[in-house]
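>
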Amino acid sequence: MEKIAVVIPKAFQKLGLHHKFRMEMIFYRWHEIVGAEIACHTRPISMNHGLLFVAVNSSVWCHHLMMMKESLIKKLNHFAQSKVVTDIKYQTGSIQRQENSDKGEIELSLSAKIRSILLTKEEVAQIRQLTDSIETQELRQHVFSLLVKDCKLTKYKKDQHYHPCAKCRTLCPPQDTYCTVCSIEARQMRIGEIYKVLKEAPWLQYRECKNFIECSAFEFRKARQQLILQMIREMEKTVPPPLVESTLVMLLTSTKPEFLNNDLIEKTMSKVRRKKNVFAYRQ
Ligand SMILES: [Zn+2]
71 MEKIAVVIPK AFQKLGLHHK FRMEMIFYRW HEIVGAEIAC HTRPISMNHG
121 LLFVAVNSSV WCHHLMMMKE SLIKKLNHFA QSKVVTDIKY QTGSIQRQEN
171 SDKGEIELSL SAKIRSILLT KEEVAQIRQL TDSIETQELR QHVFSLLVKD
221 CKLTKYKKDQ HYHPCAKCRT LCPPQDTYCT VCSIEARQMR IGEIYKVLKE
271 APWLQYRECK NFIECSAFEF RKARQQLILQ MIREMEKTVP PPLVESTLVM
321 LLTSTKPEFL NNDLIEKTMS KVRRKKNVFA YRQ
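The numbering of the sequence shown is the working numbering, which starts it at 71 and goes up by one.
1. Around the C-beta of T338, are 16 or more other C-beta atoms found within 10 angstroms, so that it is buried, or is it exposed?
2. In three-state DSSP terms, what is T112?
3. Assuming I261 and E289 make a contact with CB atoms under 8 Å, what is their CB distance in whole Å?
4. Thinking C-beta only, is T201 closer than 7 Å to R213?
5. If we ignore side chains and look at the alpha-carbon of each, how far apart do M138 and K144 end up?
6. In terms of residue numbering, what span does the alpha helix (DSSP H) encompassing Y354 cover?
7. Are the CB atoms of P272 and M320 nearer to each other than 7 Å?
8. When the Cα atoms are used, what is the spatial distance from L189 to K222?
9. Which partner residues of D157 appear in the DSSP bridge assignment?
10. Between K159, L209, R344, H233, which has its C-alpha nearest Y98's C-alpha?
11. Exposed or buried, which one is S316 when buried takes at least 16 other CB atoms within 10 Å?
12. If you follow the alpha helix (DSSP H) that T317 is in, where does it begin and where does it stop?
13. Verify whether the separation of the beta carbon atoms of A109 and H119 is less than 7 Å.
14. For P234, write down the residues that DSSP places opposite it in a beta bridge.
15. So what's T162 in DSSP terms, helix, strand or just coil?
16. Grab me the residues of L334's own chain with a C-beta within less than 6 Å of its C-beta, minus the 5 sequence neighbours each way, in chain order.
17. Under a Cβ-count criterion, where at least 16 other Cβ atoms within 10 Å of its own Cβ denotes burial, should P327 be classed as buried or exposed?
18. For K237, verify whether its CB is less than 6 Å away from any heavy atom of ligand 1.
19. Assign V218 to one of three DSSP states: helix, strand, or coil.
20. Where Y160 and H133 are concerned, what is the direct C-alpha to C-alpha distance, given to the nearest angstrom?
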């Protein structure tokens, strides 16, 4: 595979566009970088501050790819010859462009709006000058169209009064305080906090938890699932002490310690051992 440094036009480096170029090349050469097998099940969607969003067509593959995340990041950065990707977030769903779904329509209308933005003659000439030095015709056309898209997007954002994210200063829509990456980071932190609270007070329900931490029901559910899975995984390794079992039972049934009894513990634990759907106990 041709190394990326060979094809990066010098002018891009001068203009500070080389990072964007490396990133776009990852999208463009995805198939070659990750290999045919992975490419069959995935599609890179977007990248934001080193966080790469990838659509995956099945949860089995999602799990598989989670296991090889580090090596995939290494591969991508090796190709880009720069630390372009710092993390990957997988999203299960169709890897085809969903043009019929609601989301597809929103995306479509947004991209239609961006397409409708007009560039000045000078802007187009500037982009052409930049890409002129790329020898391969196919690549030249690809880079040209992505730079046009980028230029239109920047103009669109200015028109729409995008403002800098309160944390990292990336441009984001007027109604959002934070950009996607910062929102995800904040969510992960809240999930981590709920996890800690649930470890101390496993019987808590969402409405009670909200008194301690401002969080959504989704975040609460995530934290609870993580803790349950973590405890079950540990139990598979060793015979758990009674305290661990009662913690898990409280977590699964929202039972306060004073209402725990042997019957409940036994019933719940036997279900856990039979690997019944442990998440079905409560919301
Ligand atoms: Zn941000």
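Ideal placement from N, C-alpha and C gives every residue a C-beta, glycine not left out. Computed from a predicted model, the values in this text were never measured in an experiment.
Per the coordinate set shown:
1. buried
2. strand
3. 5 Å
4. Looking at the sequence itself, residue 213 is Val, so the reference to Arg does not match. Yes.
5. 10 Å
6. Because residue 354 is not part of the residues shown, which for the chain are 71 to 353, the question remains open.
7. yes
8. 7 Å
9. L121
10. L209
11. buried
12. 312-323
13. no
14. L241
15. strand
16. none
17. exposed
18. yes
19. helix
20. 9 Å
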